[in-house]
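Student: Sending over a structure as structure tokens; questions will come in a sec.
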Amino acid sequence: MELKWKIKPFEALTVHELYDLLRLRSEIFVVEQNCVYLDLDGKDKKALHLLGEFEGEIVAYSRLFDAGISFDNASIGRVVVDANYRDRKWGHELMQEAIAGIKSNFGKDKITIGAQLYLKKFYESHGFVQTSEMYLEDDIPHIEMIRE
Numbered sequence: 002m003e004l005k006w007k008i009k010p011f012e013a014l015t016v017h018e019l020y021d022l023l024r025l026r027s028e029i030f031v032v033e034q035n036c037v038y039l040d041l042d043g044k045d046k047k048a049l050h051l052l053g054e055f056e057g058e059i060v061a062y063s064r065l066f067d068a069g070i071s072f073d074n075a076s077i078g079r080v081v082v083d084a085n086y087r088d089r090k091w092g093h094e095l096m097q098e099a100i101a102g103i104k105s106n107f108g109k110d111k112i113t114i115g116a117q118l119y120l121k122k123f124y125e126s127h128g129f130v131q132t133s134e135m136y137l138e139d140d141i142p143h144i145e146m147i148r149e
């Protein structure tokens, strides 16, 4: 089966969608990565939320931002695929949908991300190039990357 994709502004998310996407983010970014940080950073209300659903469950997700919110350029963040579905390579589909969502909703081609260093090759496969030295964010090595 394929994923069903939706892009919604914060105000259009149902209570169940909001709960499920926050649960998924917490499962991966807090529990799996053993990282204590404040996921609710005040940016969710400014984001478009890309939801990938499989059998009625959110299993892939990212936030899309116009320029000037997270970076000077448009940006993609909180890129996550449920650990139970990573063998299906849905992360690639998620990035394709996110890039297309930036273009269709904000009319932008140039996208900046703050990527976890271990995912550098994954993001390079989607046209991103490293533009910064490694830095620590919540004790996890990151790099800035741009897709033109």
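In short: position in the sequence shown from 1, add 1, done, that's the working numbering. C-beta atoms are modelled at their ideal positions from N, C-alpha and C, and glycine is treated no differently. Treat the numbers as computed from the prediction; the structure is a model and nothing was measured.
(1) Closest to V37 by CA distance: which of E149, I141, R148, F72 is it?
(2) Who are M96's beta bridge partners in DSSP?
(3) At what residues does the alpha helix (DSSP H) containing H17 begin and finish?
(4) Kindly indicate which three-state DSSP category L52 falls into: helix, strand or coil?
(5) Going by the CB atoms, is the gap between I144 and L118 shorter than 7 angstroms?
(6) So, do the region 130 to 139 and the region 94 to 106 have three or more beta carbon pairs nearer to each other than 8 angstroms?
(7) When the Cα atoms are used, what is the spatial distance from N35 to S105?
(8) Is S126 helix, strand or coil when you go by DSSP?
(9) Below 6 angstroms CB to CB, which residues in the same chain sit around K7 once its five sequence neighbours on both sides are set aside?
(10) Need the endpoints of the beta strand (DSSP E) that K7 sits in, please.
(11) Thinking just about the alpha-carbon of each residue, which of K5, S133, L39, E12 is nearest to the one in E58?
(12) Reducing DSSP to helix, strand and coil, say where S82 ends up.
(13) From F73 to A116, what distance separates their C-alpha atoms?
(14) Specify, as a first and last residue, the run of the beta strand (DSSP E) that G115 falls within.
(15) Assess, as a yes-or-no matter, whether the region 71 to 87 is touched by the region 16 to 35 under the definition of 3 or more beta carbon pairs within less than 8 angstroms.
(16) Does DSSP classify E149 as helix, strand or coil?
Tutor: Concretely, from the data shown:
(1) When each option's Cα is compared against that of V37, the closest is I141.
(2) Residue pairing from DSSP leaves M96 without any beta-bridge partner.
(3) Per DSSP, H17 belongs to the alpha helix (DSSP H) from 16 to 26.
(4) Three-state result, L52: strand.
(5) Cβ distance < 7 angstroms, so L118 and I144 count as in contact.
(6) Below 8 angstroms, too few C-beta pairs join the region 130 to 139 and the region 94 to 106 to call them touching: fewer than three.
(7) Rounded to the nearest angstrom, the two C-alpha atoms are 35 angstroms apart.
(8) Shown here, S126 sits in coil according to DSSP, grouped into three states, outside any helix or strand.
(9) Counting only Cβ-Cβ distances below 6 angstroms, and skipping sequence neighbours, we find L52.
(10) Per DSSP, the unbroken beta strand (DSSP E) holding K7 starts and ends at 5 to 10.
(11) For the residues K5, S133, L39, E12, the minimum Cα distance to E58 belongs to K5.
(12) Note that residue 82 corresponds to Val in the displayed sequence, not to Ser. DSSP places V82 in strand when its eight states are reduced to three.
(13) Correcting the residue type first, residue 73 is Asp in the shown sequence and not Phe. For the pair D73 and A116, the Cα-to-Cα distance works out to about 16 angstroms.
(14) Segment 112 to 117, the beta strand (DSSP E) holding G115.
(15) Segments in contact, yes.
(16) Reduced to three states, the DSSP call for E149 is coil.
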